[in-house]
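Here the structure comes first, spelled out in structure tokens, and everything after it is commentary.
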């Protein structure tokens with residue numbers, strides 16, 4: 070293997086058609102590979118190193134170097150300094166090393182790592198693997214199905230076009246899936262994750278995170294921390310996880326589970342299913358026809374508009390139907406159940422419950438224990454009370470003109 074060695078000056082060092090070794094030494098050198106599989110070393114100085122046609126190995130050395138691959142599968146190492154690395158064609162390996170580096174994979178399926186420093190890494194065309202490592206890094210997968218790992222500090226990670234896998238790891242990260250069906254994971258720290266286009270799967274993981282599903286039918290997990298989770302458009306599935314979470318379904322028919330903690334859950338548009346889980350939760354069904362279930366603690370449940378089915382389950386719950394013809398169940402313990410407007414069907418179930426018919430033609434069923442029935446009928450409507458005397462109860466009502474007295 071021929072060897073070409075420069076001196077301490079600024080040298081122009083071209084390789085031959087064979088497999089050559091070129092060493093720049095000192096000075097700002099220009100080193101050119103050619104047809105063979107070459108070993109190209111910049112050493113000291115601000116060097117420019119071009120790979121040529123073969124599968125070449127490029128080392129920038131100290132100072133600020135520019136390394137460029139060509140047609141082959143090249144390996145580039147910036148080493149110390151603020152380096153610029155370009156893979157171009159082929160399946161390339163690029164490593165920035167110590168310093169603030171910029172590395173672009175180019176065509177092919179490339180592996181790009183930043184090393185130490187606040188680096189800018191892009192995969193460009195192909196299915197690429199990107200590692201930020203140390204520093205506050207910017208990673209962009211661009212085209213292809215890319216995998217990007219932020220590393221130890223506060224990183225920004227963008228997926229690009231294909232179906233990408235993006236992991237923030239440690240630090241407070243910004244992670245954006247862009248187009249494609251992406252998988253995003255925040256890791257440690259307080260992260261912001263957005264799936265954007267496509268049917269995405271997002272795990273916030275540790276920390277108090279913000280999660281946005283974007284367009285498409287997304288699956289969103291808050292996991293640990295007090296998270297804010299937003300479904301946006303599409304039929305989304307949201308899991309709050311541990312701690313006290315804020316969840317909004319957005320457009321579409323969504324499934325929302327608060328899980329652990331005292332959660333605030335909004336279904337918004339669409340025929341949604343909401344469940345609080347454990348913890349004292351507040352749940353709003355929103356517009357359309359929703360099913361809302363409280364869980365184990367003392368929950369506040371609101372149907373809003375639409376024909377809703379509301380279940381208090383365990384705990385001393387406040388259940389309010391709102392507009393529409395609703396079906397309401399208090400569940401166990403002493404509940405307050407208000408049908409609101411519309412023709413509602415209200416069940417107290419177990420416990421000393423307060424059942425409020427509201428406007429419309431309502432049916433109230435007390436269930437076990439001593440219940441209180443409150444009627445607020447307007448003109449031309451009436452309510453029916455069933456199971457009033459079996460367990461004992463109280464009646465408080467006003468029957469206006471045009472109403473008839475409810476039966477017992």
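Residue numbers (my numbering): 70 to 477.
Ideal placement from N, C-alpha and C gives every residue a C-beta, glycine not left out.
Bear in mind that the values here come from a model prediction, so they are computed numbers and not experimental data.
Run through DSSP, which three-state label would residue i get?
{"i": "residue 32", "result": "Lying before the first or after the last residue shown, residue 32 is absent from the chain, which here runs from 70 to 477."}
{"i": "residue 241", "result": "coil"}
{"i": "residue 380", "result": "strand"}
{"i": "residue 419", "result": "coil"}
{"i": "residue 280", "result": "strand"}
{"i": "residue 298", "result": "strand"}
{"i": "residue 440", "result": "strand"}
{"i": "residue 221", "result": "coil"}
{"i": "residue 74", "result": "strand"}
{"i": "residue 103", "result": "coil"}
{"i": "residue 275", "result": "coil"}
{"i": "residue 91", "result": "strand"}
{"i": "residue 119", "result": "strand"}
{"i": "residue 164", "result": "strand"}
{"i": "residue 347", "result": "coil"}
{"i": "residue 108", "result": "strand"}
{"i": "residue 127", "result": "strand"}
{"i": "residue 203", "result": "coil"}
{"i": "residue 67", "result": "No information on residue 67 is available, as it lies outside the stretch 70 to 477 that the chain covers here."}
{"i": "residue 329", "result": "coil"}
{"i": "residue 79", "result": "coil"}
In whole angstroms, what separates the C-alpha of residue i from that of residue j?
{"i": "residue 131", "j": "residue 184", "result": "15 Å"}
{"i": "residue 377", "j": "residue 368", "result": "17 Å"}
{"i": "residue 100", "j": "residue 108", "result": "10 Å"}
{"i": "residue 220", "j": "residue 237", "result": "7 Å"}
{"i": "residue 309", "j": "residue 110", "result": "53 Å"}
{"i": "residue 303", "j": "residue 264", "result": "12 Å"}
{"i": "residue 293", "j": "residue 106", "result": "50 Å"}
{"i": "residue 73", "j": "residue 195", "result": "34 Å"}
{"i": "residue 474", "j": "residue 270", "result": "Reliability fails at residue 474, whose pLDDT of 37 lies under 50, so the model's placement of it is uncertain and the value that follows must be treated cautiously. Their backbone Cα atoms lie some 55 Å apart in a straight line."}
{"i": "residue 392", "j": "residue 261", "result": "36 Å"}
{"i": "residue 267", "j": "residue 383", "result": "38 Å"}
{"i": "residue 170", "j": "residue 370", "result": "53 Å"}
{"i": "residue 84", "j": "residue 168", "result": "28 Å"}
{"i": "residue 102", "j": "residue 112", "result": "16 Å"}
{"i": "residue 179", "j": "residue 192", "result": "7 Å"}
{"i": "residue 119", "j": "residue 148", "result": "16 Å"}
{"i": "residue 431", "j": "residue 408", "result": "8 Å"}
{"i": "residue 233", "j": "residue 227", "result": "9 Å"}
{"i": "residue 71", "j": "residue 124", "result": "16 Å"}
{"i": "residue 176", "j": "residue 300", "result": "35 Å"}
{"i": "residue 200", "j": "residue 323", "result": "35 Å"}
{"i": "residue 213", "j": "residue 142", "result": "18 Å"}
{"i": "residue 256", "j": "residue 277", "result": "11 Å"}
{"i": "residue 333", "j": "residue 240", "result": "26 Å"}
{"i": "residue 145", "j": "residue 174", "result": "11 Å"}
{"i": "residue 97", "j": "residue 116", "result": "5 Å"}
Strictly by DSSP, which residues pair up with residue i?
{"i": "residue 252", "result": "234 and 270"}
{"i": "residue 407", "result": "389 and 425"}
{"i": "residue 317", "result": "299 and 335"}
{"i": "residue 371", "result": "353 and 389"}
{"i": "residue 432", "result": "414 and 453"}
{"i": "residue 149", "result": "Paired residue(s): none; residue 149 is not in a bridge."}
{"i": "residue 265", "result": "Residue 265 pairs with nothing; no bridge assigned."}
{"i": "residue 259", "result": "Looking at the DSSP assignment, residue 259 forms no beta bridge with any residue, so it has no partner."}
{"i": "residue 171", "result": "153 and 189"}
{"i": "residue 196", "result": "For residue 196, which the question treats as bridged, DSSP gives no partner whatsoever."}
{"i": "residue 360", "result": "342 and 378"}
Around the C-beta of residue i, are 16 or more other C-beta atoms found within 10 angstroms, so that it is buried, or is it exposed?
{"i": "residue 208", "result": "buried"}
{"i": "residue 352", "result": "buried"}
{"i": "residue 87", "result": "exposed"}
{"i": "residue 316", "result": "buried"}
{"i": "residue 78", "result": "exposed"}
{"i": "residue 397", "result": "buried"}
{"i": "residue 325", "result": "buried"}
{"i": "residue 444", "result": "buried"}
{"i": "residue 162", "result": "buried"}
{"i": "residue 433", "result": "buried"}
{"i": "residue 81", "result": "exposed"}
{"i": "residue 458", "result": "With a pLDDT of 48 at residue 458, under the threshold of 50, the modelled position of this residue cannot be trusted; read the value that follows with caution. Exposed, since its Cβ has fewer than 16 Cβ neighbours within 10 Å."}
Pull up the CB-CB distance for residue i and residue j, whole angstroms please, since I reckon it's below 8 Å.
{"i": "residue 92", "j": "residue 75", "result": "7 Å"}
{"i": "residue 340", "j": "residue 320", "result": "Actually they are not in contact, since the Cβ atoms of residue 340 and residue 320 sit about 11 Å apart, beyond 8 Å."}
{"i": "residue 395", "j": "residue 379", "result": "6 Å"}
{"i": "residue 327", "j": "residue 354", "result": "The pair is not a contact, with the Cβ atoms about 14 Å apart (cut-off 8 Å)."}
{"i": "residue 435", "j": "residue 422", "result": "7 Å"}
{"i": "residue 413", "j": "residue 426", "result": "7 Å"}
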